[in-house]
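For reference, the structure discussed in these notes is given below.
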Amino acid sequence: MTVDHAPEGVKSPTGCPVSGMAAGFDPFQGAYQVDPSSSLRDARKEEPVFYSPLLDYWVVTRYEDIKQIFKTPSVFSPSITLDQITPISDEALQILGSYQFAPGPTIVNEDEPIHTERRRLLLQPFEAENVATLEPKIREVVNTYLDRVIKDGRADLIGDLLYEVPCIVALIFLGVPDEDIETCRHFGMQQTLFTWGHPTGDEQTRVATGMGKFWEFAGGLVDKLKADPNTKGWIPHAIEMQRQHPDLFDDNYLQNIMMSGVVAAHETTTNATGNAFRTLLENRSSWEEICADPTLIPKAIEECLRYSGSVVAWRRKAVVDTTVGGVDIPAGGRLLIVMASANRDDSMFPEPDDFDIHRGNARRHLTFGIGSHTCLGATLARLEMKVFLEEVSRRLPHMSLVAGQEFSYLPNTSFRGPEHVLVEWDPQQNPVPADRP
Ligand code: HEM
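In my numbering, the protein residues as written are 118 to 554.
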């Protein structure tokens, strides 16, 4: 192994010298932003677990190590999952205080055993047969949005389709009343930057204000849903669970799952679908294959989630002294586990940089996590992606990426999806006659 050391002799908390590669690791810009998995290719081979002085996190890059971390919550706690990765300023803290912002436990950052107890009670709306009932509505909304651009011959897939539709679906799933959908959808995007990004002074105050307002709004929504026993969705279900198990769910918990639920369900899916369209259109033969045979779409989705997933890294904290990949991690050590890197680990995926919709084990990607906290919304996310790909490939099979466009990403460690995907097509060639000008 050839590991060069950082010039100033920087050391990790366990006293080990930090390599130049580790000292230079910056997930908020450069190579990681362009392509996190490729940016860690050398690390996977030469220094698969390294300490990042910039983050004060250990960065974990290999499949087996990451899987083991996910599957051992008694050693690797999810408690820091929603902490701000960039410490926030006093001014931003004051702003949050003025909104009584009180982030408490919410399913994704809870330790066992209470996590499993609550998860079991909150599970029902996520079950496959319940999620399947949403399919006609999702298809209708996707087609309504497609109708708006189908005769234009160009679109920004994100701005015109993929940002809005998963937001609407998320809010329906959560049980947000129609009249609040418009307000609610403005709030979600604050949280990515706040939690996983690197906001600067001015951005911190702006984002803190947004988070404070979102928090207030989430509380108001829970009160509103409590007052109406006829509402349906995940939050009304949680309210019913609170009624049956008041010892397990307090109001703060409901407000937290209302707020984090929007982020969990919306941008993850927008980004995953944006990545999928970009990847498939860049691999034209795969796009043409799914257009010709839509039954290939579910397999293609798994390969897209592996090759270019939307949650590229997640976090855990060691609760005892332990080792990962032979590297000592002290109790309290924080870990950035990069699933995008695991998904390109050749010990699990042969020829990992090849995009292959027929790959036999693509579904073993770690984009949804694995183990007790594995994504509850995976069935819904997969359904949404399937409907998007089915409808767009049916109505716009001749669509292609606008040549020469550069893809940009919101700088952050964890949520990855292009801000725009510009596409074009000849509307005269639209295969559905009603779609032609
Ligand atoms: C492609 C889209 C999505 C991706 C990539 C994704 C990814 C993830 C990841 C990585 C976790 C954390 C796993 C862990 O800590 O072990 C998670 C948890 C979770 N996700 Fe998703 N997610 C997606 C869509 C959704 C949707 C649509 C919903 C809701 C409808 C949702 C709801 C949740 C919930 C409630 C949890 C917490 C589960 C727990 O801690 O027990 N997700 N997701």
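Just so it is clear, CB atoms sit at the ideal spot from N, CA and C, and this is done for glycine as well. Bear in mind the structure is a predicted one, so any value in this text is a computation, not a measurement.
Would you kindly report the start and end of the unbroken alpha helix (DSSP H) that includes residue i?
i	result
residue 169	Unbroken run through residue 169 is the beta strand (DSSP E), 166-169; no alpha helix (DSSP H).
residue 504	495-512
residue 409	401-409
residue 227	Residue 227 -> no alpha helix (DSSP H), and no H or E assigned at all.
residue 468	From DSSP, residue 468 is part of no alpha helix (DSSP H); its letter is neither H nor E.
residue 139	137-140
residue 347	Where residue 347 is concerned, there is no enclosing alpha helix (DSSP H), given that its DSSP letter is neither H nor E.
residue 283	281-291
residue 248	245-249
residue 215	207-215
Tell me the DSSP secondary structure of residue i in three-state form.
i	result
residue 452	strand
residue 444	strand
residue 435	strand
residue 529	strand
residue 333	helix
residue 318	helix
residue 240	coil
residue 134	strand
residue 518	strand
residue 127	coil
residue 428	strand
residue 491	coil
residue 118	With a pLDDT of only 36 at residue 118, under the threshold of 50, the placement of this residue in the model should not be trusted; the figure read from the coordinates follows. Looking at residue 118 - three-state DSSP - the assignment turns out to be coil, as it is neither helix nor strand.
residue 325	helix
residue 221	coil
residue 523	coil
residue 233	helix
residue 477	coil
residue 309	helix
residue 463	coil
residue 547	coil
If residue i and residue j are in contact, beta carbons under 8 Å, what's the gap, nearest whole angstrom?
i	j	result
residue 508	residue 259	5 Å
residue 352	residue 365	Actually they do not touch by this definition, with Cβ atoms about 15 Å apart.
residue 433	residue 195	6 Å
residue 153	residue 457	4 Å
Taking all protein chains shown into account, do 16 or more other C-beta atoms lie within 10 angstroms of the C-beta of residue i, making it buried, or fewer, making it exposed?
i	result
residue 440	exposed
residue 385	buried
residue 546	exposed
residue 407	buried
residue 264	exposed
residue 283	buried
residue 144	buried
residue 291	buried
residue 213	buried
residue 182	buried
residue 400	buried
residue 225	buried
residue 402	exposed
residue 459	buried
residue 151	exposed
residue 221	exposed
residue 118	Only weak support is given to the placement of residue 118: the predicted model assigns it a pLDDT of 36, under 50, and the value that follows is read from those uncertain coordinates. Exposed, by the Cβ-count rule.
residue 476	buried
What are the start and end residues of the beta strand (DSSP E) that includes residue i?
i	result
residue 257	Here residue 257 belongs to no beta strand (DSSP E); instead the alpha helix (DSSP H) covers 252-266.
residue 273	271-273
residue 540	539-541
Is any heavy atom in ligand 3 found nearer than 6 Å to the beta carbon of residue i?
i	result
residue 236	Absent from the structure shown: ligand 3. Ligands present: ligand 1.
**Q.** Segments assigned alpha helix (DSSP H), at least 4 residues, entirely inside the region 353-423
**A.** 368-382, 384-399, 401-409
Q) Taking the runs of the alpha helix (DSSP H) that are 4 residues or longer, which of them lie wholly in the region 144-203? A) 148-151, 153-156, 158-163, 180-187
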